[in-house]
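Residue numbers (our numbering): 28 to 178.
Built from N, CA and C at the ideal position, the CB exists for glycine as well.
From a predicted model like this one, the values you see are computed outputs, not experimental measurements.
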């Protein structure tokens, strides 16, 4: 397991059940469902690296993953307080608090080259190094909403 300062709090690995698909602007953001965190968690399946048929979701310039304001508001409206980024090509789960994305100063407006890439949408980025917890996928229990494999 990778360690962050928050890992020394003796926190149980994430357990979440994907129930509700979350869509914003016509695209699937992730799945919301109950967790062992006493709150709903959004599981967002992302690619750290480029892959056949797609591009990576990880933004190197920010050192993390991004969500636009619309996606964050949808997550908040569904009662989610946490985002679990499931890196499907790394078998790693990064746990963030939703407020980290609302409060970040690292946005596509502050990183000019990102602003050009996302057609004017403002994306909020939290670096991977600021994740509350980092887990190996095998430590977590994520109950899938579908029978599709994680990859």
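Inset, instruction - Take every Cβ of the region 101 to 108, pair it with every Cβ of the region 77 to 87, and state whether three or more of those distances are shorter than 8 Å. - result: no
Inset, instruction - Report the rounded CA-to-CA distance for residue 45 versus residue 58, giving the unit in angstroms. - result: For this step, residue 45 is matched to residue 18 along the chain shown. For this step, residue 58 is matched to residue 31 along the chain shown. Cα to Cα, residue 45 sits roughly 5 Å from residue 58.
Inset, instruction - Would you give the residue range spanned by the beta strand (DSSP E) that residue 123 belongs to? - result: As a working mapping, residue 123 is identified with position 96 in the chain shown. 119 to 124 is the extent of the beta strand (DSSP E) around residue 123.
Inset, instruction - Classify residue 50 as helix, strand or coil using the three-state DSSP reduction. - result: On the chain shown, residue 50 is found 23 positions in, with the first residue counted as 1. The answer is strand: DSSP assigns residue 50 an E or B state.
Legend entry - the region 37 to 54 in contact with the region 151 to 163 per 3-pair CB rule at 8 Å: yes
Inset, instruction - Report the option in 102, 169, 84, 166 whose CA atom is closest to the CA atom of residue 129. - result: Within the chain shown, residue 129 is the residue found at index 102, counting from 1. Closest option to residue 129, Cα to Cα, is 102.
Inset, instruction - Please state if the CB of residue 119 and the CB of residue 125 are separated by a distance shorter than 9 Å. - result: Translated into the one-based positions of the chain shown, residue 125 becomes position 98. Translated into the one-based positions of the chain shown, residue 119 becomes position 92. No; because the gap between Cβ atoms is not below 9 Å, this pair is not in contact.
Inset, instruction - Look at the Cβ atom of residue 51, then the Cβ atom of residue 110, and state whether they are nearer than 9 Å. - result: The residue given as residue 51 occupies position 24 in the chain shown. The residue given as residue 110 occupies position 83 in the chain shown. Against a cut-off of 9 Å, the Cβ pair of residue 110 and residue 51 comes out as no contact.
Legend entry - residue 65 to residue 94 span [Cα, whole Å]: In the chain shown, residue 65 corresponds to position 38, counting from 1. In the chain shown, residue 94 corresponds to position 67, counting from 1. Each residue's alpha carbon lies about 23 Å from the other.
Legend entry - residue 94 - partner residues in DSSP beta bridges: Locating residue 94 in the chain shown gives position 67, counting from the first residue. Residue 94 is bridged to 151.
Inset, instruction - Taking all protein chains shown into account, decide if residue 72 is buried (16 or more other Cβ within 10 angstroms of its Cβ) or exposed. - result: What you label residue 72 is simply residue 45 of the chain shown in a count that begins at 1. Burial call: buried.
Inset, instruction - Have a look at residue 169 and residue 63 and give me their C-alpha separation to the nearest angstrom. - result: Reading the chain shown from its first residue, position 142 is the one you call residue 169. Reading the chain shown from its first residue, position 36 is the one you call residue 63. Rounded to the nearest angstrom, the two C-alpha atoms are 11 Å apart.
Inset, instruction - State the start and end residues of the unbroken beta strand (DSSP E) segment that holds residue 67. - result: Taking the chain shown and counting its residues from 1, the one referred to as residue 67 is at position 40. That run of the beta strand (DSSP E) goes 67 to 73.
Legend entry - Best match in 132, 167, 74 for proximity to residue 149 [C-alpha to C-alpha]: Position 122 of the chain shown, counted from the start, is the residue given in the question as residue 149. That would be 132, whose Cα lies nearest to the Cα of residue 149.
Inset, instruction - Under 8 Å Cβ to Cβ from residue 82, same chain only, skipping five residues before and after it: list those, please. - result: Numbered from 1 along the chain shown, position 55 holds the residue referred to as residue 82. These residues qualify, in order along the chain: 74.
Legend entry - Burial state of residue 165 (16 or more Cβ within 10 Å): Within the chain shown, numbered from 1, the residue matching residue 165 stands at position 138. Answer is exposed; the Cβ neighbour count stays below 16.
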